[in-house]
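>
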Amino acid sequence: MKAFKKDWWKFILIIIVSSFFNMALHGLLSPLNSSNTSYFEPSFFVENGILIPAVIVWELLAFGILALIYILIQDNLLGKRWIKGFLYGVSFGGLYFKNICRNLKLNRFVTENINSYM
Numbered sequence: 001m002k003a004f005k006k007d008w009w010k011f012i013l014i015i016i017v018s019s020f021f022n023m024a025l026h027g028l029l030s031p032l033n034s035s036n037t038s039y040f041e042p043s044f045f046v047e048n049g050i051l052i053p054a055v056i057v058w059e060l061l062a063f064g065i066l067a068l069i070y071i072l073i074q075d076n077l078l079g080k081r082w083i084k085g086f087l088y089g090v091s092f093g094g095l096y097f098k099n100i101c102r103n104l105k106l107n108r109f110v111t112e113n114i115n116s117y118m
């Protein structure tokens with residue numbers, strides 16, 4: 001918690017930069033157009049034209065919560081300052097990657113091999 005009081009601006013900068021890169025990569029890999037959003041009826045956000053602001057708020061909230069968790073547990077993590085952050089980031093990155101792989105619609109052979117390791 002001492003680090004947050006001293007370097008609070010770093011946490012805010014990390015949240016903003018992480019959210020920006022995540023949204024940029026999602027924009028490159030799956031652009032928002034009507035052909036890939038959903039086969040169901042449009043949501044409240046799409047109907048009112050506020051999908052992009054809702055996504056921005058969600059990204060800032062998600063990365064803000066991750067940063068808050070790190071702030072609360074960083075004193076109990078092993079290693080130096082940057083190693084703590086790196087290991088924390090890799091652990092949550094691994095969880096995100098695992099959930100992405102779980103939702104992929106692959107052929108039976110690939111699905112069985114991926115799920116056997118998770």
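The letter at position 83 of the sequence shown is residue 83 when you use UniProt numbering, and the numbering goes up by one with no holes.
Using N, Cα and C, we set each Cβ at its ideal position, and we do this for glycine too.
1) So for D75, helix, strand or coil by DSSP?
2) If distances are taken between C-alpha atoms only, which option among L66, I16, K80 and L72 comes closest to residue 182?
3) Just to confirm my understanding: we take S19, look at its own chain, exclude 5 residues before and 5 after, and list those with CB closer than 7 Å. What are they?
4) Just checking my contact of L77 with L87 at CB under 8 Å: how many whole Å lie between their CB atoms?
5) When the Cα atoms are used, what is the spatial distance from H26 to G89?
6) For K10, collect the residues of the same chain with a Cβ closer than 6 Å to its Cβ; drop the 5 residues on either side in sequence, then sort them by chain order.
7) Hey, A54 and F45: beta-carbon distance below 8 Å or not?
So, from the listed chains and residues:
1) helix
2) Examination of residue 182 is not possible in this model, given that the chain is present from 1 through 118 alone.
3) Contacts found: E59, L60 and F63.
4) The pair is a contact, with the Cβ atoms about 7 Å apart (cut-off 8 Å).
5) 18 Å
6) none
7) yes
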